[in-house]
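Using my numbering, you'd call the opening residue of the sequence shown number 46 and step up by one each time.
To start, the structure under review is shown below, and the notes come after it.
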Amino acid sequence: MFYKWEYLYYHFFYLRPKTEIDFIQKRYLVYGDDDSANIASAYSELFPDKVRAKINEADLICKHIFDLLGSGSKKLSPEGPGYQPIDWHSDFKNDFHWNPQTLYSHVRYRNIRGVEVKVPWELSRFQHLNILGQAYTLTKHRKYAEEFSNQIADWIKNNPIGLGVNWRCTMDVAIRAVNWLVTMEYFHNEDTFSQDFLKEFYLSIYEHGKFIRNHLEYSPKLTGNHYLADIAGLFFIAVYCPFFRESKKWQEFTLNELSQEIEKQVYPDGCNFEASVSYHRFVLEMLFYSELLGKRAGIEFPENYKNKIRKMFEFSLYCVKPNGMAPQIGDNDNGRFLIFCKKPVLEHKYLLTLAAMHYKDSQFKLSEFDFDEEAFWVFGPSGKKSWDDLPYREKPLNSKAFPDAGWYIMRDENNYCFISCGPNGQHGNGGHAHNDKLSFELTLNGQDVIVDPGTYVYLPYPEKRNRFRSTAYHNTIAFDNREQSKISDNLFSLPDRVKIIKAELTGTNDKIIFQGEIQYADITHKRTITRDKKPGTWQITDTFSY
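Structure, rendered in structure tokens:
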């Protein structure tokens, strides 16, 4: 049996149901310091138009109807009375099924044309469980608690440790454990679940922890968001489950690793080093929720760590468009760490509410954005009161350069331009970068006018992935089909070949000017973008030689 000794060791030494049942009454991330009894009425008062929608979402989950990665609503279990098992091992979008008995390391998922492994991985992250917990909080209907326990028991039964596609990627193992533990907070009453389920639940959490620790996605040459997710997930397990003998060591290890990785993976200007705005958000969620969990559990992170997270939020403050969305720079696979409410993939404005609440700082409170539901579930009704007590930001957001990442943001009231002119990230590997130097997104009067086409796919169609990474697919100039950086067969590598000669943002009361110059493949490309405020014009000038 795979990891047989781990099963035996845990059964004989660690399984202490009484400790577990007492411990699940603790809440760290849900509701803040508020009493759960007040949550339903407060939510109904603050978000009256969302109550029915929330319950409808939960009811669809109970019917095993999911919309994953643009699939549209799909039912993933057979019809029948009572709970029917979910197919956890399929890319249902492309009618492909993985053998659940295959050892994780032997699971093939690359080079299968037209097949997207992210479909079963996304389902098995269990990020939909928050909706069940919230519906239970709002209604106290036991069916939502029963669905929570049934889905987890179903998954555990059909995904033994180390077997099948859902153990293939440690990051997804970690994110699954985090979502199980956080959602358990909604169901914290002693009599909500049977002792048999609790034993099964914590045994699986322990197995997740052991698997993560033994299969960290670490390389001395390069660590990225995968490794961060691994150690963040293990940190959550250690904090939520102090009754595991390894938990103290796991906590010490992950606290140290998180503190080191934030220095390696976040530039001094606060931007993530993977050349992707969407991955910046993904990594920020991992790092921020780890810090928040630590704070609420009495675990102190180093000041440098906390300062870096604040800088990450500050980038998001300037990055968010007047319409609340983020530009699509670099890769985007819809990746999230915790999802407390459904929203458009590119909507990042909730990060500003989280920052305003966490720091009690009005610089993050913009008059154009309301209190976000995401913050309600994290900070509770008292968080809304703190929000109301904060004044709105007095000064409008100005244009700002983030030179380490090579991201430049021009702002003038409801007008916005984001320019990419930086390194490919990951210390030159460029795994999530695109050939987008001097490319831009433009928003006029709050409406998107010029946007980036995005990512489209990762693995199913290599030629389409590369097309969306290409120079020609970005709002820059492509010369004779030459690529800024060479695109190879490695779908997650785009080594820097562009030399950035100049990237500068300047401004006066009347004008904002970006000037950039790059060289590659014997080509010199200069671009100037000018916002002239008085006539209200934008001018883009390109010169080139080769």
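Think of the CB as a built atom: it goes at the ideal place given N, C-alpha and C, for glycine as much as any other residue.
Check                                                                                                                                                                    : Outcome
Excluding the 5 residues preceding and the 5 following G178 in the sequence, name in chain order all residues of the same chain whose CB lies nearer than 6 Å to its CB. : T228 and Y231
In chain order, what residues of the same chain have a beta carbon less than 7 Å from the beta carbon of E262, not counting five sequence neighbours either side?        : T215, M216, H271, Y272 and D275
T268 and F280 - do their beta-carbons sit closer together than 7 Å?                                                                                                      : no
Cβ of G561 versus every heavy atom of the ligand COA: is any distance shorter than 6 Å?                                                                                  : For the ligand COA, the structure offers nothing, since it holds no ligand at all.
Check whether the Cβ atoms of K578 and D457 lie closer than 7 Å to each other.                                                                                           : yes
Below 8 Å on the Cβ atoms is my guess for E252 versus I206; work out the distance and round it to an integer in Å.                                                       : 4 Å
In the DSSP assignment, the beta strand (DSSP E) including Y565 goes from what residue to what residue?                                                                  : K556 to Y565
Within 10 angstroms of its Cβ, does S484 collect 16 or more other Cβ (buried), or is it exposed?                                                                         : buried
What is the C-beta distance between R497 and H519, in whole angstroms, given that I count them as a contact (C-beta under 8 Å)?                                          : At residue 497 the sequence reads Asp, which differs from the Arg that was named. 7 Å between Cβ atoms; contact.
DSSP state of F463, grouped into three classes?                                                                                                                          : strand
According to the neighbour-count rule (16 or more other Cβ atoms, all chains shown, within 10 Å of its Cβ), is F382 buried or exposed?                                   : buried
Is K71 buried or exposed, if buried means 16 or more other CB atoms sit within 10 Å of its CB?                                                                           : exposed
In the DSSP assignment, what residue or residues form a beta bridge with D493?                                                                                           : T488
Spell out a yes or no on whether the segment 175 to 190 and the segment 112 to 121 are touching, meaning 3 or more CB-CB pairs, one atom from each, closer than 8 Å.     : no
Please determine if the segment 101 to 116 and the segment 186 to 202 are in contact, where contact requires at least 3 C-beta pairs separated by less than 8 Å.         : yes
Report the start-end ranges of each alpha helix (DSSP H) in the segment 378 to 413 that is 4 residues or longer and not cut off at the edges.                            : 395 to 404
Within 10 Å of its beta-carbon, does H142 have 16 or more other beta-carbons around it, so buried, or fewer, so exposed?                                                 : exposed
Tell me I545's beta-bridge partners as DSSP assigns them.                                                                                                                : I563
Whole angstroms is fine: what's the gap from F421's alpha carbon to R527's?                                                                                              : 49 Å
Roughly how far, in whole angstroms, is the beta-carbon of T588 from the beta-carbon of K571, given that I think they are within contact range, below 8 Å?               : 5 Å
In the DSSP assignment, what residue or residues form a beta bridge with M370?                                                                                           : E392
Taking Cβ to Cβ, would you say L435 is nearer than 7 Å to L397?                                                                                                          : no
S590 bridges to which residues according to DSSP?                                                                                                                        : T569
Can you tell me which of P165, P126, S427 and G451 puts its alpha carbon nearest to the alpha carbon of F111?                                                            : P165
Between the C-alpha atoms of A219 and H151, what's the straight-line distance to the nearest angstrom?                                                                   : 20 Å
If I measure Cβ to Cβ from D236 and keep anything under 8 Å in the same chain, skipping five residues before and after, which residues do I get?                         : none
Apart from the five residues just before and just after Y395, which ones in its own chain have a Cβ nearer than 6 Å to its Cβ?                                           : D417 and E419
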